[in-house]
Amino acid sequence: MKTGIMGGTFNPIHNGHLILAEHVMEEFGLDEIWFMPNGNPPHKRPEQTGIRTGDRLAMVKLAIEGIPRFFLQTYEAEKRTVSYSYGTMEHLREACPERTFYYIIGADSLFQVETWKHPERFLRSCTMIAAKREHRETDDALESQIRHLKERYKTVILFSRAPVFEVSSSKIREMVKRGEDIHHLVPPSVASYIYNHHLYREDIEVEQRNS
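Heads up: the sequence shown begins at 1 in full-length UniProt numbering, then just goes up one per residue.
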C-alpha cells in the first residue's frame, strides 16, 4: 500500500493543504494520505504553536471528514518528547511493514533537509515527493539540489508541480486577529471551529497570558 505522509503544525489546516494532498495522491497513485500534526516540532518554539495540540488535531479531523482515503495520524502529536522526521518515519516503517511511505514536502524544504537531525536516516526511510509552488524555486536550482541529494544519500525524490494556492497558516492567523473573513481559505467546519473556540484572537491570547 502506498501511503503519503503530510506532516506539519496545521495551525490551522487550510484548503492549500487539502488541494496539495489530492493532487499528489492522484499524480502518484497513492492509496491514502495520512495527515500527521506535529506535537513538539524541533524547529518551532512552544509559543510559536500558540494553541493547544488538541485544537490542531480537531481542526484536521474536521477538515478531512468525509474525504475518502484521507486519515488523521496522531503519532507525533501524542508524543511528549520532541519529534524528528527520521524517528517518525523509522517508527512507521517498523510498525507498518506492508506500507511504502511517501513524505510530501514543499520543494523549498529540499534545501534545508540536510540540516535536519540524521538526514541520512530520514532519506533512507521513505520516498520524498517535493511539490514545487510557482515563483518559489527555479527549476535549475531544484534539479541541482535533487541531483545532489540522490547522489549523496542514494534516496528517491519525486517532483510534483502542485497547484498554486497562495495562503499560509500564519496569514490566516493574522486575518483572524484582524477580524477578516477566512471562509474562502479553510473548510467551513474549520472556520466555525476557529470562531467558536476564539482561536487566534489577540485579546483572548493577552487574557490567557495574564491569567
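For glycine and all other residues, C-beta sits at the position ideal for the given N, C-alpha and C.
- The closest CA to that of C126, considering only D139, S144, T115 and L158, is found on L158.
- Taken in chain order, the complete beta strand (DSSP E) segments of 3 residues or longer contained in the stretch 137-195 are 157-161.
- In the three-state scheme derived from DSSP, where H, G and I count as helix and E and B as strand, I19 is classed as helix.
- According to the DSSP assignment, F122 belongs to the alpha helix (DSSP H) that extends over P119 to S125.
- Within the DSSP bridge table, the entry for A131 names G106 and S160 as partners.
- In the structure shown, I51 adopts coil according to DSSP, grouped into three states.
- Annotation: the stretch 59-100 contains the following complete segments of the alpha helix (DSSP H) (minimum length 4 residues), in chain order: 75-78 and 85-95.
- Check the Cα spacing between L62 and each of I13, A77 and G8: the tightest is with I13.
- Judged by DSSP in its simplified three-state form, T3 adopts strand.
- Secondary structure of F111 (DSSP, three-state): helix.
- A Cβ-Cβ contact shorter than 8 angstroms links I129 with I104.
- Segment contact: the stretch 108-128 against the stretch 83-92, three or more CB-CB distances shorter than 8 angstroms; contact assigned.
- In the displayed model, F10 falls within coil according to three-state DSSP, outside both helix and strand.
- W116 is not bridged by DSSP to any residue.
- With three or more CB-CB distances shorter than 8 angstroms, the stretch 193-201 counts as touching the stretch 159-178.
- Take M6, set aside five residues on each side of it, and the residues of its chain with a beta-carbon closer than 8 angstroms to its own are H17, L20, A21, I33, W34, F35, M36 and I104, in chain order.
- Non-local beta-carbon contacts of I146 in its own chain, meaning distances under 8 angstroms to residues more than five positions away in sequence, involve L110, A130, I157 and F159 in chain order.
- The distance from the Cβ of Y195 to that of A58 is about 14 angstroms, inconsistent with a contact at the 8 angstroms cut-off.
- F35 is bridged by DSSP to M6 and L72.
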